[in-house]
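Participant: My questions all concern the structure below.
2 protein chains.
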Amino acid sequence: MPHEHEDPRTVRSRALILDAAAAVFLERGFVDATVDQVAETAGVAKRTIYNIYGDKDELFRATILRSIATADRFSASLAVEVAAIAEARDLAQALSQIAVRLAESVLIGPVLPLRRLLASESRRFPELAAEYRDHAPEAVMRALARLFGDLAERGLLRAASPRLTAEHFAFLIMGADLDRGMFDPAPPTRRRVRASARAGAEAFQRAYALGTCPEPDPTAPESGRPRTGSRAHPG
Amino acid sequence: MPHEHEDPRTVRSRALILDAAAAVFLERGFVDATVDQVAETAGVAKRTIYNIYGDKDELFRATILRSIATADRFSASLAVEVAAIAEARDLAQALSQIAVRLAESVLIGPVLPLRRLLASESRRFPELAAEYRDHAPEAVMRALARLFGDLAERGLLRAASPRLTAEHFAFLIMGADLDRGMFDPAPPTRRRVRASARAGAEAFQRAYALGTCPEPDPTAPESGRPRTGSRAHPG
DNA sequence: GCAGTAATGCACTCGAGAGTGCAGGAGAGC
DNA sequence: GCTCTCCTGCACTCTCGAGTGCATTACTGC
């Protein structure tokens, strides 16, 4: 939604500046990034940035809000995919697929750097951190919660709290990498992400499946499965 | 291990400065904290800080390394508790207890602010972020992995990868709060932490229990438990 | 083409905070 | 008590980056 009649020069500058600002801020952080760097990267005069955005804070806000909006659109499309798997014939496989899809989209690409930046600046721009949380991650959680609530109603899954179930799903499939990503700028390998996602999805299904009794693990040594989990102390 | 013969005045100053620096850095972050603030908080001349630590970077390193060492000692003691529950009579309850203990110790108290600070400064001080990860969280993970490996060998738990199992446990019981804590400076309530930890521990046990068949959830509506998870499409 | 508006370049101010120099005071060790 | 070392206070320098003023240039809409 462009303003009334905007000078195309301004439109062009705005685009150049926001792209450059995203790159610079994501790489250096708010404090270490300088407006001169953004100007140079954008191929634009510093004065132009100040003409359009007023000051560095506003430039940052505009940049981040744009990134969040992108992540938001993306979450929305993922929510659709999530909803779709409620109809899947093979639920186990569908869950595994959505797990991989979700993990890859969060852990590979620009989301992790954005998260680092927002966390770093959550003191200075708490409203941006909140904005991010209310959109990207929450949107996904809501979609997952809706899915699990639906599946539970139809007797395909345990009927625990859908919200909690969604959290368990999300953190089982990518919790470790998500956490590591806050400290380590090197992104995880796609291979690792997929493996973790699939393993997490399996654990999730063991925890939340209904009516299936987990078969004893064939790799477990000796010990003819104790009847209950308690009273295992070898007296 | 104090150096050879240290002037007691220096020892005293050092202690005052590190305490003050921890407080100031944790509250403001590295860049927004000023050496003058640290000096004033410590009740010490700015010049003394420079005499002892040379520059702001070194002051920060010393401060953080001390915090990490504290967290480290703490992790070690927690590792002992973790190991102890391998002998527990009621495994389910022991796991739930250790879950609450672990979650509280990480989410309530100084760990979350430290994590935020380290994440914020991971670009400037990658070695500190790495140091932290190699000590505090990894120590706990190793302890958990040892525990689960042990339990698996004794046939009390699924024999999946102990390391992966440990991650699943940790992120089931506190993943959501851990993540939120990176963006939101308000600590979670103890009540919430305990509830999440217990719920996570339950899910974990459903996923990793051996030999127990999950009873159908009494709150689940209708639907006489489908025989398998797949082929659930009402068609 | 012409008028108006935006972008440019560049020199500039300003404030803040890191780090220093130094002279004098005070406690530690003997 | 004497000496030596550390701490103190304070004024100082330096650097760096945010933000401004302004005259000039270039593009846009008509």
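So the protein lines, in turn, are chains A and B.
With the working numbering applied, the first sequence has no gaps in its numbers, which climb one by one up to 235 at the end.
With the working numbering applied, the second sequence has no gaps in its numbers, which climb one by one up to 1235 at the end.
Ideal Cβ placement from N, Cα and C applies to all residues, glycine included.
Small disclaimer: the values here were computed from a predicted structure and weren't measured.
When the Cα of phenylalanine 83 of chain A is compared with those of A:Glu202, A:Arg142 and A:Arg191, which residue comes out closest?
Facilitator: Note that residue 83 of chain A is alanine in the sequence shown here, rather than phenylalanine. Checked all of A:Glu202, A:Arg142 and A:Arg191; the closest Cα to alanine 83 of chain A is A:Arg142.
Participant: For alanine 1199 of chain B, which residues in chain A fall below 7 Å Cβ to Cβ?
Facilitator: Neighbours of alanine 1199 of chain B across chain A, judged by C-beta separation under 7 Å: Leu164.
Participant: The alpha helix (DSSP H) that contains glutamate 1121 of chain B, what's its start and end?
Facilitator: Element bounds for glutamate 1121 of chain B: n/a, residue is neither H nor E.
Participant: Please state the DSSP three-state secondary structure of histidine 135 of chain A.
Facilitator: helix
Participant: Is there contact here, the stretch 194-212 of chain A with the stretch 127-147 of chain A, by at least three beta-carbon pairs under 8 Å?
Facilitator: In this structure the stretch 194-212 of chain A does not touch the stretch 127-147 of chain A; the number of beta carbon pairs closer than 8 Å is below three.
Participant: Rounded to whole angstroms, what's the CA-CA distance from glutamate 1167 of chain B to alanine 176 of chain A? Just pull it up for me.
Facilitator: 7 Å
Participant: If you drop the 5 nearest sequence neighbours on each side, which residues of the same chain put their C-beta closer than 6 Å to that of arginine 1163 of chain B?
Facilitator: Ala1145
Participant: Classify glutamate 238 of chain A as helix, strand or coil using the three-state DSSP reduction.
Facilitator: Past the edges of chain A, shown from 1 to 235, lies residue 238 of chain A, and the structure says nothing about it.
Participant: From what residue to what residue does the alpha helix (DSSP H) around threonine 1242 of chain B run?
Facilitator: Chain B is shown from 1001 up to 1235; residue 1242 of chain B falls before or after that span and cannot be answered.
Participant: Relative to the C-alpha of glutamate 1138 of chain B, which residue among B:Ala1160, B:Leu1172, B:Thr1048 and B:Ala1079 is closest?
Facilitator: When only C-alpha atoms are compared, the closest one is B:Ala1079.
Participant: Answer with yes or no whether the minimum CB distance from phenylalanine 1148 of chain B to chain A is below 8 Å.
Facilitator: no
Participant: Going by C-alpha distance, which of B:Gln1097, B:Phe1183, B:Val1024 and B:Thr1041 is nearest alanine 130 of chain A?
Facilitator: Measuring from the Cα of alanine 130 of chain A, the nearest candidate turns out to be B:Phe1183.
Participant: When Cβ atoms are compared, which residues of the stretch 1171-1193 of chain B fall closer than 8 Å to chain A?
Facilitator: For the stretch 1171-1193 of chain B, residues whose beta-carbon sits nearer than 8 Å to a beta-carbon of chain A comprise Phe1171, Leu1172, Gly1175, Ala1176, Leu1178, Asp1179, Arg1180, Met1182, Phe1183, Asp1184 and Pro1185.
Participant: Let me check understanding here. Comparing Cα to Cα, which of B:Val1111, B:Glu1104 and B:Arg1089 lies closest to alanine 1023 of chain B?
Facilitator: Proximity to alanine 1023 of chain B across B:Val1111, B:Glu1104 and B:Arg1089 peaks at B:Val1111, based on C-alpha coordinates.
Participant: With 7 Å as the C-beta to C-beta threshold (strictly closer), list the residues of the stretch 114-125 of chain A near chain B in chain order.
Facilitator: Arg116, Leu118, Ala119, Ser120, Ser122 and Arg123
Participant: Got a sec, what are the start and stop residues for the alpha helix (DSSP H) arginine 190 of chain A sits in?
Facilitator: 190-208
Participant: According to DSSP, simplified to helix, strand and coil, what is histidine 1168 of chain B?
Facilitator: helix
Participant: If isoleucine 108 of chain A sits next to leucine 95 of chain A, beta carbons under 8 Å apart, how far is it from one beta carbon to the other, in whole angstroms?
Facilitator: So it is not a contact: roughly 20 Å between Cβ atoms.
Participant: Counting only the same chain and skipping the five closest in sequence on each side, list residues whose C-beta sits under 6 Å from that of glycine 149 of chain A.
Facilitator: Pro162
Participant: Between glutamate 1167 of chain B and chain A, is there a C-beta pair that is closer than 8 Å?
Facilitator: yes
Participant: Rounded to whole angstroms, what is the Cα-Cα separation between arginine 61 of chain A and tyrosine 53 of chain A?
Facilitator: If you take the alpha carbons of arginine 61 of chain A and tyrosine 53 of chain A, they lie about 10 Å apart.
Participant: So, does the CB of alanine 129 of chain A fall closer than 8 Å to a CB anywhere in chain B?
Facilitator: yes
Participant: Mind checking the stretch 1064-1086 of chain B against chain A and listing, in chain order, the residues whose C-beta falls within less than 8 Å of any C-beta there?
Facilitator: none
Participant: Under 8 Å between the Cβ atoms of leucine 1128 of chain B and leucine 1114 of chain B?
Facilitator: no
Participant: The alpha helix (DSSP H) that contains isoleucine 1049 of chain B, what's its start and end?
Facilitator: Residues 1046-1053.
Participant: What residues in its chain sit with their C-beta under 8 Å from that of aspartate 1072 of chain B, if we drop five residues either side in the sequence?
Facilitator: His1135, Ala1136 and Ala1139
Participant: Starting from leucine 1095 of chain B, follow the alpha helix (DSSP H) in both directions and report where the run begins and ends.
Facilitator: 1091-1107
Participant: Between which residues of its own chain and threonine 208 of chain A is the CB-CB distance below 6 Å, once the five residues before and five after are set aside?
Facilitator: Residue identity check: residue 208 of chain A is tyrosine in the sequence provided, not threonine. Cβ within range, chain order: Leu157 and Arg158.
Participant: Comparing C-alpha positions only, which one of B:Arg1180, B:Ser1075 and B:Val1035 sits nearest to arginine 1133 of chain B?
Facilitator: B:Ser1075
Participant: Shortest alpha-carbon distance to arginine 123 of chain A belongs to which of B:Ala1069, B:Ser1067, B:Ala1186 and B:Thr1048?
Facilitator: Relative to arginine 123 of chain A, the option among B:Ala1069, B:Ser1067, B:Ala1186 and B:Thr1048 whose CA is nearest is B:Ala1186.
Participant: For glycine 1181 of chain B, count neighbouring Cβ atoms within 10 angstroms of its own Cβ and tell me buried if that reaches 16, exposed if not.
Facilitator: buried
Participant: Sorted by chain position, which residues of the same chain lie with C-beta nearer than 7 Å to alanine 39 of chain A's C-beta, five sequence neighbours on each side aside?
Facilitator: Ala45, Lys46 and Ile49
Participant: Taking the alpha carbon of threonine 41 of chain A as the reference point, which residue from A:Asp32, A:Asp55 and A:Ile17 has its own alpha carbon closest?
Facilitator: A:Ile17
Participant: Out of A:Ile64, A:Asp179, A:Asp57 and A:Leu65, state which residue places its alpha-carbon closest to the alpha-carbon of valine 106 of chain A.
Facilitator: A:Asp179
Participant: Report the option in B:Asp1019, B:Arg1009 and B:Asp1090 whose CA atom is closest to the CA atom of asparagine 1051 of chain B.
Facilitator: B:Arg1009
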